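Asks:
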Amino acid sequence: GTSVDPKDAIELISLFADTWLSLDAYDRDSLPKGKLTKKKVELTAEKITANLVELKKELIRKSEATDIFGIERNKGSVAGIIGNVMQSFGGKELYGSAEEKAAHLLYFMVKNHPFTDGNKRSGAFAFVWFLKQANILDVSRLTPSALTALTILVASSNPNEKNKVISLILNLISKK
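The opening position of the sequence shown corresponds to residue -18 in the working numbering, with each subsequent residue numbered one higher.
(1) Can you check whether the CB of isoleucine 49 is closer than 8 Å to the CB of aspartate 98?
(2) From asparagine 32 to leucine 87, what distance separates their C-alpha atoms?
(3) Can the beta-carbon of threonine 132 be found less than 8 Å from the beta-carbon of alanine 105?
(4) Pick out whichever of Ser11, Lys43, Val109 and Glu142 has its Cα sitting closest to the Cα of lysine 127.
(5) Look up phenylalanine 70 in the DSSP assignment and say whether it is helix, strand or coil.
(6) For the putative contact between leucine 24 and valine 66, defined by C-beta atoms under 8 Å, what is the C-beta separation to the nearest angstrom?
(7) Under the rule that 16 or more other beta-carbon atoms within 10 Å means buried, what is serine 78, buried or exposed?
(8) I'd like to know whether the C-beta atoms of proline 95 and serine 58 end up nearer to each other than 8 Å.
(9) For serine 148 versus leucine 2, is the C-beta spacing smaller than 8 Å?
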């Protein structure tokens, strides 16, 4: 048989205590959002497109993308996504916090496939770019590996679980 050192198990249980709570909350569709930032951040299709052009240039320079990277399938699709993220009704923003805007930006950029190529990379870049603009990018929490996993999770998620996925993103990026 296999012997289990209870001290090792207890150490892991303690080290990852937040994980057990988060997984249970995810199953119950009740992930806590943490503290959300109410600061105003300007996001326009022109700004994000200009920054995505810089990403494209750098990826092409490193032979990590081709000329078709980041070309819109339909003119105005990025503007439509930005419009969805920044929309308000009766003077009240649909997504009231910078974190909610960022989470929806990642989700829509990845799921709506606005580009012929590079949707996941463009979505991930737009997400971290927006977080940086809002001064809430915490690379100790949102590591490159976490960003990769989050982006792939969004891409492979069932659209019926959009709210769960958004909650998961918010749980990762909001202050505890």
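We put the CB at the ideal spot given by N, CA and C, even for glycine.
Quick caveat: nothing in here was measured; it's all calculated off a predicted structure.
Replies: Walking through what the data contain:
(1) yes
(2) 15 Å
(3) yes
(4) Before going further, note that residue 127 is alanine rather than lysine in the sequence given. It is Val109.
(5) strand
(6) 7 Å
(7) buried
(8) yes
(9) no
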